[in-house]
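For reference, the structure is listed below as structure tokens.
Chains as they are written, first to last, in this note's numbering: chain A, 1 to 158; chain B, 159 to 421.
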């Protein structure tokens, strides 16, 4: 229970950091998503169930603070990402570093694909432009931050 | 035994996933429901309270330089205001003589930007004025220079969320001042801000000013939007599109002004 409360508190800190500083860390419009890094971390460390519900909570709060349409989309994307990350909770330490890095990229891609493509599905913006100019820069930026963060958090170390 | 435990855990995970997905889909389907709106308002007010210390610190650091800037612009604007007042009175007399309807009366609410979530996909800002200061849903918003910023899309008692002009869902009816052409301005990912489908015989030159047309109920007319940057080659020989340089710098918004039409 105390662990859950600490995780929720951590989530609020991550959310606050994202909300306040994302303008300063944006590079050519691309912004890393600290919230998805936090949810992937939660999934890998504490399992699917915690990642799912924390994803719902913080995704919904994030949407309430920022979304102009599709309120609940970030929550939906985080739930799915958290679930997939949680599947590897007990296995991550046994996976080689090469595949582990591939898995992190997959988790982040799942989140970015879901959130960005659903968000843009009713716009006149074409698929290629959204993919190359929004999905890829955001995914890569988040991925680099993930690798740095997970290195310091010793994710996957036995 | 371990296999069975794993199976149970997987099943449990899927049940939780199902419940959470259903909840998020319900939220997406009912964005204007009472529960979602209430949660959103509570979140906005809560976030503003948490942000208050940072805002205080920011104000403390930048206050003196802002004061000097404002003092200079105040004198300039005062002179300009006197000139415009004379023109306004003259305009009013002429409109009356021609039998035109009265120009809209607008009141202005200044607001500080608390968090700027400007990026390709997040195009909103969060401000510290809400219903208690008379801010309403869909009120127009301008920056300190009077350039169009966006419109209010969510409002709680103390705060409001503003959808920026750069949002992919934002469209605004505009007028090109020199040629008097009207059109719809929107943000596209490949061309930036454009006015599409303008008949080829309309004469538009680079540098023309673009203002709101006043055709929409949301935006009062004559709010400055930007300038014509370039005109694209003719599409199918009968229409053209115009690229626009937007006047507002979304990355450096510190305060905005919410406009409310008075009855």
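C-beta atoms are modelled at their ideal positions from N, C-alpha and C, and glycine is treated no differently. Note that the structure is predicted; figures quoted are calculated from it, not measured.
Can you tell me the Cβ-Cβ gap for residue 48 of chain A and residue 171 of chain B, rounded? I've got them flagged as a contact below 8 Å.
-> Here residue 48 of chain A refers to the residue found at position 48 of the first chain. Here residue 171 of chain B refers to the residue found at position 13 of the second chain. About 4 Å; that satisfies the 8 Å criterion.
Residue 42 of chain A burial status per 10 Å Cβ neighbour count (16 or more: buried) | The residue given as residue 42 of chain A occupies position 42 in the first chain. Looking at its Cβ environment, which holds 16 or more other Cβ atoms inside 10 Å, residue 42 of chain A is buried.
Which of the three DSSP states, helix, strand or coil, is assigned to residue 139 of chain A?
-> Within the first chain, numbered from 1, the residue matching residue 139 of chain A stands at position 139. Residue 139 of chain A: helix per DSSP, three-state reduction.
DSSP state of residue 246 of chain B, grouped into three classes?
-> Taking the first residue of the second chain as position 1, residue 246 of chain B is located at position 88. Residue state for residue 246 of chain B is assigned as helix, using DSSP reduced to three classes.
When you compare each of B/177, B/211, B/202 and B/227 to residue 83 of chain A by their alpha carbons, which one comes out closest?
-> Locating residue 83 of chain A in the first chain gives position 83, where the first residue counts as 1. Cα-wise, what sits closest to residue 83 of chain A is B/177.
For residue 205 of chain B, which residues of its own chain have a beta-carbon under 8 Å away from its beta-carbon, when the five flanking residues on both sides are left out?
-> Locating residue 205 of chain B in the second chain gives position 47, counting from the first residue. Within the same chain, residue 205 of chain B has close Cβ partners 272, 273, 284 and 317.
Rounded separation between residue 87 of chain A and residue 167 of chain B - CA only | Here the question's residue 87 of chain A lines up with position 87 in the first chain. Here the question's residue 167 of chain B lines up with position 9 in the second chain. Distance between the alpha carbons of residue 87 of chain A and residue 167 of chain B is about 10 Å.
Any beta-carbon of chain B closer than 8 Å to the one on residue 49 of chain A?
-> Here residue 49 of chain A is taken as the residue at index 49 of the first chain, counted from 1. So, interface residue.
Residue environment, residue 72 of chain A, which counts as buried when at least 16 other CB atoms sit within 10 Å = One-based indexing of the first chain puts residue 72 of chain A at position 72. Residue 72 of chain A is buried by the Cβ-count criterion.
Is it true that the CB of residue 139 of chain A sits closer than 8 Å to the CB of residue 281 of chain B?
-> As a position in the second chain, residue 281 of chain B is number 123, starting the count at 1. As a position in the first chain, residue 139 of chain A is number 139, starting the count at 1. By the CB criterion at 8 Å, residue 281 of chain B and residue 139 of chain A fall outside the cutoff.
Backbone secondary structure at residue 227 of chain B - three-state DSSP = Taking the first residue of the second chain as position 1, residue 227 of chain B is located at position 69. DSSP places residue 227 of chain B in helix when its eight states are reduced to three.
Return the first residue and the last residue of the alpha helix (DSSP H) that residue 45 of chain A is part of.
-> The count along the first chain starts at 1 and reaches residue 45 of chain A at position 45. From DSSP, the alpha helix (DSSP H) with residue 45 of chain A extends over 34-46.
Given a threshold of 16 other Cβ atoms within 10 Å of its Cβ, counted over all protein chains shown, does residue 100 of chain A qualify as buried or as exposed?
-> By 1-based counting over the first chain, the position of residue 100 of chain A is 100. With 16 or more other Cβ atoms from the protein chains shown falling within 10 Å of its own Cβ, residue 100 of chain A counts as buried.
Roughly how many angstroms separate the alpha carbons of residue 8 of chain A and residue 63 of chain A, rounded to a whole number?
-> Walking along the first chain from the start, residue 8 of chain A turns up at place 8. Walking along the first chain from the start, residue 63 of chain A turns up at place 63. If I take the Cα positions, the gap works out to 17 Å.
Burial state of residue 192 of chain B, where buried means 16 or more other Cβ atoms lie within 10 Å | Position 34 of the second chain, counted from the start, is the residue given in the question as residue 192 of chain B. Label assigned to residue 192 of chain B: exposed.
Using a threshold of 8 Å, state whether the C-beta atoms of residue 44 of chain A and residue 89 of chain A are closer than that.
-> Your numbering for residue 44 of chain A matches position 44 in the first chain. Your numbering for residue 89 of chain A matches position 89 in the first chain. Contact: yes.
Report the rounded CA-to-CA distance for residue 74 of chain A versus residue 361 of chain B, giving the unit in angstroms.
-> Here the question's residue 74 of chain A lines up with position 74 in the first chain. Here the question's residue 361 of chain B lines up with position 203 in the second chain. When only Cα atoms are considered, residue 74 of chain A and residue 361 of chain B end up about 45 Å apart.
Three-state secondary structure (DSSP) of residue 344 of chain B | As a working note, residue 344 of chain B is residue 186 in the second chain. Residue 344 of chain B: strand per DSSP, three-state reduction.
Start and end residues, beta strand (DSSP E) containing residue 97 of chain A = For the purposes of this step, residue 97 of chain A is taken as the residue at position 97 of the first chain. Residue 97 of chain A -> not in any beta strand (DSSP E); alpha helix (DSSP H) instead, spanning 97-120.
Mind checking which residues open and close the alpha helix (DSSP H) that includes residue 3 of chain A?
-> Numbered from 1 along the first chain, position 3 holds the residue referred to as residue 3 of chain A. Annotation: the continuous alpha helix (DSSP H) that includes residue 3 of chain A extends over 2-25.
So is residue 302 of chain B in contact with chain A if we call contact Cβ pairs under 8 Å?
-> Translated into positions along the second chain, residue 302 of chain B becomes position 144. By this cut-off, residue 302 of chain B is not an interface position.
For residue 263 of chain B, which three-state DSSP category applies?
-> Numbered from its first residue, the second chain carries residue 263 of chain B at position 105. Note: residue 263 of chain B maps to strand in three-state DSSP.
Name the two residues that bound the continuous alpha helix (DSSP H) containing residue 87 of chain A.
-> Counted from its first residue, the first chain places residue 87 of chain A at position 87. Where residue 87 of chain A is concerned, the enclosing alpha helix (DSSP H) stretches over 73-87.
Please confirm if the segment 408-415 of chain B is in contact with the segment 365-383 of chain B, defined as three or more CB-CB distances below 8 Å between the two stretches.
-> A contact is defined here as three or more CB-CB pairs under 8 Å, and the segment 408-415 of chain B fails this definition with respect to the segment 365-383 of chain B.
Please determine, among B/319, B/359, B/299 and B/379, the residue with the shortest C-alpha to C-alpha distance to residue 65 of chain A.
-> Taking the first chain and counting its residues from 1, one reaches residue 65 of chain A at position 65. Its Cα nearest to that of residue 65 of chain A, the residue B/319 stands out among B/319, B/359, B/299 and B/379.
Identify the contact partners of residue 86 of chain A in chain B, using a Cβ-Cβ distance below 7 Å as the criterion.
-> Here residue 86 of chain A refers to the residue found at position 86 when the first chain is read from its first residue. Going along chain B in sequence order, the residues near residue 86 of chain A (Cβ under 7 Å) are 171.
Which first and last residues belong to the beta strand (DSSP E) in which residue 414 of chain B is found?
-> The residue you call residue 414 of chain B lines up with position 256 of the second chain. Here the beta strand (DSSP E) through residue 414 of chain B covers 413-420.
So what does residue 403 of chain B bridge to, in DSSP terms?
-> Here residue 403 of chain B refers to the residue found at position 245 of the second chain. Its beta-bridge partners are B/385.
Determine the burial state of residue 121 of chain A: buried for a count of at least 16 other Cβ atoms within 10 Å of its Cβ, exposed for fewer.
-> Start at 1 with the first residue of the first chain, and residue 121 of chain A comes out as number 121. By the neighbour-count rule (16 or more Cβ atoms within 10 Å), residue 121 of chain A is not buried but exposed.
Please compile the residues from chain A whose C-beta is within a distance smaller than 9 Å of the C-beta of residue 212 of chain B.
-> Translated into positions along the second chain, residue 212 of chain B becomes position 54. Correct list: 20.
Starting from residue 129 of chain A and walking both ways along the alpha helix (DSSP H), at which residues does that stretch end?
-> As a working note, residue 129 of chain A is residue 129 in the first chain. Element bounds for residue 129 of chain A: 127-130.
In terms of alpha-carbon separation, which member of A/52, A/28, A/76 and A/128 lies closest to residue 174 of chain B?
-> Your numbering for residue 174 of chain B matches position 16 in the second chain. Checking every option, the nearest Cα to that of residue 174 of chain B belongs to A/52.
Could you have a look at residue 336 of chain B and say whether DSSP puts it in helix, strand or coil?
-> Within the second chain, the letter at position 178 stands for residue 336 of chain B. Three-state result, residue 336 of chain B: coil.
Taking only beta-carbon atoms, is residue 321 of chain B less than 8 Å away from chain A?
-> To locate residue 321 of chain B, count along the second chain from 1; it is residue 163. Residue-level contact check: residue 321 of chain B touches chain A, since one or more beta carbons of chain A fall below 8 Å from its beta carbon.
8 Å contact criterion, which residue 383 of chain B and residue 343 of chain B should meet: CB distance rounded = Here the question's residue 383 of chain B lines up with position 225 in the second chain. Here the question's residue 343 of chain B lines up with position 185 in the second chain. Your pair residue 383 of chain B and residue 343 of chain B checks out as a contact, with CB atoms roughly 7 Å apart and the cut at 8 Å.
Taking all protein chains shown into account, decide if residue 321 of chain B is buried (16 or more other Cβ within 10 angstroms of its Cβ) or exposed.
-> What you label residue 321 of chain B is simply residue 163 of the second chain in a count that begins at 1. Residue 321 of chain B sits buried, since 16 or more C-beta atoms from the chains shown fall within 10 Å of its C-beta.
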